[in-house]
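And the structure:
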């Protein structure tokens, strides 16, 4: 069972979602700007593909895939994320429901609620929007979700399978990065990749797929030489590893960490960071880890923030949910 | 529960197990040779520590830890490995038994045998000597061993826990490398490490511990910047990454892959490779991945083959077995 999506639309996608422009440098020469890897547009195309597949699935007599999104407390960012996920689900034909709890909910109550959803045959996917309140053990909560319904891919068993290159459910953001590299035909085989940030939900799984053997069962291996940098990588070493990289994936939440002089001309830069900052005019805006305007003059391809990895994450979550529904059906009918 | 072993003997160990010598270079100057990280001697000390602890454990009224080593077929190397493990077990006071099967054994029969050992309260550790016959699915066999008795650390759940920096059973060879770095006080924090080889039992778990956050629950994180190189890393890139590394861990089985001009003066080189070759006199001998005699003139510290990581692997397997016995006891009495 390979997790490669349908590539039928790729050639048309490439035209619509890769944009490049020229600019005039300080000596008056026209130079090529990096191609912008438009995640929003690609995510739309992937959702359209999924919508068709889910329609076929339902036409074959299956019920629509079903996703339950649990949110505890009133963090506005979390509510926005869940709202986006539920909207995307509705768009592709997934029956999604948000289950809201006050932050007075106890860990035991949350665990019971998850267990009920685990046992419910009419539920295919369960996600618990993180962070959970500090009174709860996040790891314990993630491990309560049945691995087959764990569309976030955070359960120990799903992580173990990922790290052993076995078919599994991959954390959506990590899968989004790998899917963008594939869809935009960025060569990774034998290339140098740097992953900046070692979080267990993003940096670690990305590094795992980037370095792994493509011939293994998951089909997600990218065969790159991968360097994992993090908060304790000295600045000059981070700069040096990045300058030597064909692909930089950054996921730190540090605005402007990746500057133009750290990027090899023509390299691909995937920006997973997302931070809300206040600009000089006092307006708030979302920025990534990359000094976008300057890096665009050097890189070969670059994801914007917003509109890059973010919308792709939501699309891959929908992919995971449909995959969970299909596998659960395979299990119950076999 | 932290997996740090007792360090009481470290200072005396360091004297006895780190050796360095001088040599005369081509210009007639005396130069320092790398310290030889003597795994055999360190392994002996660790086994002596374990022997004491197990004696105390038994004196407190527990039965001796029990290890079952399953071997299928008649591969001579596999039989030698198992013999060494059983001998080490006896030395430290672990009650070890080898269970031998003909290679006509079916996968189903092996799985049943493992399940019986899983259910047996008098068994703490189970290992299946790899490789199993080609008629069997190695992954399925590894996942049949109960995670708490899986002293090889190959079960999906143990791998998942390792990759999430949770307390777990770590594959013995990977743990041997990390333990040598700790015992010989090789600084890893913020340093550059290269892991050559991406196997799931050796290279991958080593890279995982080397790059991880020391403050996490497992206590095994080493906070190094880690580059994972493999068969598809171009030769000149492998050379360049190695030359920039403070620590090189190589686990490829390719003799003389790591040459002196690839090693930064003063770097630590850990050689996990072990290959039997025939020398110019027609004699067979065991060699590692490292061009030992030449690299010794450049490196700061270096493990020999044989007598480096190999004996340490056996010692760490004993550590894993005693740990499994303790945890199983904790589980049944709580």
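Chains as they are written, first to last, in our numbering: chain A, 149 to 482; chain B, 149 to 482. Ideal Cβ positions, reconstructed from N, Cα and C, are used throughout, including at glycine. Small disclaimer: the values here were computed from a predicted structure and weren't measured.
Helix, strand or coil at residue i [DSSP, three-state]
| i | result |
| --- | --- |
| residue 475 of chain B | helix |
| residue 198 of chain A | helix |
| residue 170 of chain B | strand |
| residue 342 of chain B | strand |
| residue 506 of chain B | Lying outside 149 to 482, the shown extent of chain B, residue 506 of chain B is not represented and no answer is given. |
| residue 358 of chain B | helix |
| residue 100 of chain A | Residue numbering for chain A in the displayed model covers 149 to 482; residue 100 of chain A lies beyond these limits and cannot be assessed. |
| residue 449 of chain A | strand |
| residue 462 of chain B | helix |
| residue 334 of chain A | coil |
| residue 214 of chain B | strand |
| residue 312 of chain A | coil |
| residue 325 of chain B | helix |
| residue 350 of chain B | coil |
| residue 184 of chain B | strand |
| residue 317 of chain B | coil |
| residue 152 of chain A | Residue placement at residue 152 of chain A is flagged as unreliable, the pLDDT there being 42, under the threshold of 50; the coordinate-derived value follows with that caveat. Three-state DSSP puts residue 152 of chain A in coil, outside helix and strand. |
| residue 482 of chain A | Unreliable positioning characterises residue 482 of chain A in this predicted model, as indicated by a pLDDT of 49, which lies under 50. The coordinate reading is nonetheless provided below. DSSP places residue 482 of chain A in coil when its eight states are reduced to three. |
| residue 161 of chain B | Reliability fails at residue 161 of chain B, whose pLDDT of 47 lies under 50, so the model's placement of it is uncertain and no value is given. |
Among the options, nearest to residue i - alpha-carbon criterion
| i | options | result |
| --- | --- | --- |
| residue 365 of chain A | A/316, A/427, A/351 | A/316 |
| residue 401 of chain B | B/453, B/335, B/473, B/206 | B/453 |
| residue 235 of chain B | B/459, B/479, B/471, B/451 | B/459 |
| residue 336 of chain B | B/407, B/360, B/287 | B/360 |
| residue 321 of chain B | B/229, B/441, B/183 | B/229 |
| residue 333 of chain B | B/183, B/171, B/461 | B/183 |
| residue 185 of chain A | A/411, A/249, A/455 | A/455 |
| residue 392 of chain A | A/373, A/379, A/330 | A/373 |
| residue 447 of chain A | A/464, A/407, A/424, A/463 | A/407 |
| residue 328 of chain A | A/210, A/370, A/285, A/202 | A/370 |
| residue 237 of chain B | B/326, B/196, B/388 | B/196 |
| residue 177 of chain A | A/478, A/445, A/472, A/469 | A/445 |
| residue 434 of chain A | A/225, A/169, A/211 | A/225 |
| residue 309 of chain B | B/382, B/478, B/353 | B/353 |
Buried versus exposed call for residue i [16 or more other C-beta atoms within 10 Å across all chains shown]
| i | result |
| --- | --- |
| residue 254 of chain B | exposed |
| residue 150 of chain A | Low local confidence applies: a pLDDT of 43 at residue 150 of chain A is under 50, so the model's placement there is unreliable, with the coordinate-based value given in what follows. By the 10 Å Cβ count, residue 150 of chain A comes out exposed. |
| residue 466 of chain A | buried |
| residue 208 of chain B | exposed |
| residue 214 of chain B | buried |
| residue 180 of chain B | exposed |
| residue 283 of chain B | exposed |
| residue 306 of chain B | buried |
| residue 398 of chain B | buried |
| residue 482 of chain A | Caution is warranted here: a pLDDT of 49 is assigned to residue 482 of chain A, below 50, making its placement in the model unreliable, and the coordinate value is therefore given only provisionally. Counting Cβ neighbours within 10 Å, residue 482 of chain A comes out exposed, since fewer than 16 surround it. |
| residue 218 of chain B | buried |
| residue 295 of chain B | buried |
| residue 405 of chain B | buried |
| residue 348 of chain A | buried |
| residue 413 of chain B | exposed |
| residue 172 of chain B | exposed |
| residue 256 of chain A | exposed |
| residue 298 of chain A | buried |
| residue 160 of chain A | Bear in mind that the predicted position of residue 160 of chain A carries a pLDDT of just 47, short of 50, making it unreliable; the figure below should be weighed with that in mind. Exposed, because fewer than 16 other Cβ atoms sit within 10 Å of the Cβ of residue 160 of chain A. |
Contact test: residue i Cβ vs the ligand FAD heavy atom, cutoff 7 Å
| i | result |
| --- | --- |
| residue 195 of chain B | No copy of the ligand FAD occurs in the structure displayed, which carries no ligand at all. |
is_contact[residue i, chain C] using C-beta, thresh 8 Å
| i | result |
| --- | --- |
| residue 256 of chain B | In the structure shown, chain C cannot be found, because the protein chains are A and B. |
Can you list, in chain order, the stretches of the beta strand (DSSP E) that have 3 or more residues and sit fully within the region 363 to 437 of chain B?
-> You should have 373 to 377, 395 to 398, 416 to 419, 423 to 426, 432 to 435.
Which full runs of the beta strand (DSSP E) of 3+ residues lie inside the region 221 to 277 of chain A, going along the chain?
-> 243 to 249, 273 to 276
Against chain A: residues of the region 336 to 352 of chain B by CB proximity under 7 Å | 337, 338, 340, 346, 348, 352
Given a limit of 9 Å on CB to CB distance, which residues of the region 368 to 380 of chain A reach chain B?
-> 371, 372, 373, 374, 375, 376, 377, 378, 379, 380
Chain-ordered residues of the region 215 to 246 of chain B with a beta carbon less than 7 Å from chain A | none
Chain B contacts from the region 179 to 207 of chain A (Cβ-Cβ distance under 9 Å) | none
Using a Cβ-Cβ cut-off of less than 7 Å, give me the residues of the region 293 to 311 of chain B that come near chain A, in sequence order.
-> Per Cβ criterion, the list reads 304, 305, 307, 308, 309, 311.
Using Cβ-Cβ distances below 8 Å, what residues of the region 353 to 366 of chain B are close to chain A?
-> 355, 356, 359, 360, 361
Given a limit of 7 Å on CB to CB distance, which residues of the region 430 to 458 of chain A reach chain B?
-> none
In chain order, what residues of the region 382 to 398 of chain A put their CB closer than 9 Å to some CB of chain B?
-> Going along the region 382 to 398 of chain A in chain order, one finds 382, 385, 386, 388, 389, 392 with a Cβ nearer than 9 Å to chain B.
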